[in-house]
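Asker: For reference, the structure I am asking about is given below.
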Amino acid sequence: MFGYVIGISGGVSAMKVFLAKFFPSISRDPSKGSSGSGNYCRYNDQLLQLFTSSTYVVGLISTFGASYTTRNLGRKPTMLIAGIFYLVGTVLNAGAQSLPMLIIGRDFLGCGIGFGNQATPLYLSEVAPPHLRGGLNILFQLNITTGILIANLVNYFTAAYPWGWRLSFALGGIPSLLLTLGSFVLSETPNSLIERGYLTQGKQVLEKIRGTDQVEEEFNDLVEVGVASSLIKNPFRDIIRKKNLPPLICAICLQFFQQAGGINAIMFYSPVLFETVGFGSNASLVSTVVIGGINAVCTIISMVVVDRFGRKILLLEAGVQLFIAQVGIAILLGLGLKDSVNLLTPMQAMAVVLMVCLFISGFAWSWGPLAWLVASEVFPLEVRSAGQSITVCTNLLFTFAMAQSFLSMLCVLKYGIFILFAAFLVAMTLFAALLLPETKGIPIEEMSGLWKRHWLWRRFV
């Protein structure tokens, strides 16, 4: 559902009927935004950006409530709450009669994102065996990319109808309902049960998910960290203790760099971007469907190789690939797309699409899934709910900033915005090379030893 929310907003923003109803200033003169004119400023409208970004600032705030429910009620009830928020938001968006109603619906979706992103990565990392944890945890990102692809397909087929945008929003009720009903079927994680004192049930679930009753060693490790966790009364205060700073800093940096490279600017506004470089509305939607497909396929590749090659090598390779793609986009737009005239040839416009595809593919098998995976692995159990809350909060904070500012920055910086993204990608790659430890194959309850062997972080722990 998170992926569907990401994908659906960009597509409906390119639908003329939707723009005419909620953003008439853009609809009346598509060559002018609210703060400028020309190719780079045609969609520069603060309310249009608020339609996308409000979801994420509300999601950011809701993560703190989600942290409480995850720690005190469990991962399973938190996912149920997320599903209910998603359902309410879907109904409000599909039936929206005014811009405030539309944005309130998006805010309910934001609450769903905050609760869902808090619980789901934790759930996956805690039920997975260590040697498969990477691939199974990437199921979270795979479902995001699948949701984006489905949203792109829905937008393509509904764009021709005057009520198509309503149907695009309404179909989000299907994954919302699946999440809500699925939360009744799932077992709670053994980590959560043991942390809350349900030792017998925790051991039974552990035996069930491992497929054997020979789980004494793992169970004893979980009990040990569970006892330590139960003694922590304020995990948000404990997480800033010196020994917990290395995973906290790494988790925050992972989320910052994931967004600073420009991924959600491209995913949110790819139909708008492709229309800007000269594609018609239908052609731009087709291009986003292709991108969604590449995104999903490359996420599957990440699932297959992450536990074989490790996290760092994928992050480092992708850093180079993403840098090349963003510089390529900047050069192509700088040469051919001027304020008042589009000099891009069809071949150059297609090259922009290819550069975007190169960027999406590299992101999808690296920083997309692995920023969530590594952040869910590195925190000790006693502060894991707080750590995941801060992880989600950081991600949504920078997602909000990007969604609210990208079209305005595109208007001001023009093709230079992609050079700015490339600069962040250089810093991102250096961070992965020098400061991020490899977590492949290390049991979560033994993760603290990882920091003691790192050249920098051992000074903290």
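For the sequence shown, my numbering gives the first residue as 26, with consecutive numbering after it. Every residue, glycine too, gets a C-beta built ideally from N, C-alpha and C.
#1: Return the first residue and the last residue of the alpha helix (DSSP H) that Val30 is part of.
#2: Touching or not, the region 158-173 and the region 320-329, by the rule of three or more beta carbon pairs under 8 Å?
#3: On the three-state DSSP scale, how would you describe Ile163?
#4: Please state the DSSP three-state secondary structure of Phe485.
#5: Is the separation between the beta-carbon of Ala45 and that of Thr95 shorter than 8 Å?
#6: Whose C-alpha, out of Leu149, Glu407, Phe384, is nearest the C-alpha of Ile234?
#7: In whole angstroms, give me the CA-to-CA distance for Ile274 and Ala185.
#8: Below 8 Å between beta carbons: does that hold for Trp397 and Ala343?
#9: Checking 8 Å against the spacing of the C-beta atoms, do Met427 and Ile163 come in under that value?
#10: CA-CA distance, Gly36 and Phe194?
#11: Hey, would you say Gly84 sits closer than 8 Å to Ile128, going by beta carbons?
#12: Let's test the definition: count the other Cβ atoms within 10 Å of the Cβ of Asn97 and tell me whether it reaches 16, buried, or not, exposed.
#13: Give me, in chain order, the residues of the same chain whose beta-carbon lies closer than 6 Å to that of Lys228; leave out the 5 immediate sequence neighbours on both sides.
#14: If we ignore side chains and look at the alpha-carbon of each, how far apart do Arg483 and Gly335 end up?
#15: Give the list of continuous alpha helix (DSSP H) stretches no shorter than 4 residues that lie fully inside the region 321-391.
#16: Whose C-alpha, out of Ala119, Met104, Gly108, is nearest the C-alpha of Phe43?
#17: Span of the alpha helix (DSSP H) holding Gln280?
#18: Can you tell me which of Asn142, Arg266, Val116, Phe165 puts its alpha carbon nearest to the alpha carbon of Gly22?
#19: Could you check how far apart the C-beta atoms of Leu73 and Ser123 are, in whole angstroms? I think they sit under 8 Å.
#20: On the three-pair Cβ rule with 8 Å, is the region 410-427 touching the region 464-481?
#21: By the 10 Å Cβ neighbour count, where 16 or more other Cβ atoms means buried, how is Trp392 classified, buried or exposed?
#22: In whole angstroms, what is the alpha-carbon distance linking Ile385 and Ile291?
#23: If you measure between the beta carbons of Leu347 and Gly318, is that distance less than 8 Å?
#24: If you count every other CB in all the chains shown that lies within 10 Å of the CB of Thr419, and 16 or more means buried, which is it?
#25: Using 8 Å as the threshold, is the C-beta distance between Ala153 and Leu161 below it?
#26: With a threshold of 7 Å on Cβ separation, who are the neighbours of Ser59 within its own chain once the five nearest residues in sequence on each side are excluded?
#27: When you compare the CB positions of Tyr181 and Val352, do they come within less than 8 Å of one another, or not?
#28: What alpha helix (DSSP H) runs, 4 residues minimum, are completely inside the region 133-214?
#29: Using the beta-carbon count (16 or more within 10 Å), is Ile219 buried or exposed?
#30: Going by beta-carbon coordinates alone, are Leu204 and Tyr111 separated by less than 8 Å?
#31: Excluding the five sequence neighbours on either side, which residues of its own chain have a C-beta within less than 6 Å of the C-beta of Phe485, listed in chain order?
#32: Note the first and the last residue of the continuous alpha helix (DSSP H) segment covering Trp476.
#33: In three-state terms, what does DSSP make of Ser430?
#34: In three-state terms, what does DSSP make of Tyr93?
#35: Apart from the five residues on each side of it in sequence, which residues of its chain come closer than 7 Å, Cβ to Cβ, to Thr416?
#36: Report, in whole angstroms, the separation of the C-beta atoms of Ile316 and Val381, which I expect to be a contact under 8 Å.
Answerer: Looking at the atomic coordinates:
#1: 27-37
#2: yes
#3: If DSSP states are grouped into helix, strand and coil, Ile163 belongs with coil.
#4: Correct three-state label for Phe485: coil.
#5: no
#6: Leu149
#7: 47 Å
#8: no
#9: no
#10: 11 Å
#11: no
#12: exposed
#13: Within its own chain, the residues whose Cβ lies closer than 6 Å to the Cβ of Lys228, once the five positions on either side in sequence are excluded, are Phe244, listed in chain order.
#14: 21 Å
#15: Listed in chain order, the complete alpha helix (DSSP H) runs (minimum 4 residues) inside the region 321-391 are 337-361, 371-389.
#16: Ala119
#17: 270-285
#18: Outside the displayed span of the chain (26 to 486) sits residue 22, for which this structure offers no information.
#19: Here Leu73 is actually not in contact with Ser123; their C-beta atoms are around 15 Å apart, not less than 8 Å.
#20: no
#21: buried
#22: 9 Å
#23: Contact: no.
#24: buried
#25: yes
#26: Note that Ser59 has pLDDT 49, beneath the 50 cutoff, so the model's placement of it is unreliable and the number below is only indicative. So the qualifying residues of the chain are Ser50, Asn69, Asp70, Gln71.
#27: no
#28: 158-162, 164-183, 189-195, 198-210
#29: buried
#30: yes
#31: Counting only Cβ-Cβ distances below 6 Å, and skipping sequence neighbours, we find Lys267, Leu270, Pro271.
#32: 473-477
#33: helix
#34: In the displayed model, Tyr93 falls within a helix according to three-state DSSP.
#35: Around Thr416: Ala276, Gln280, Ala400.
#36: 6 Å
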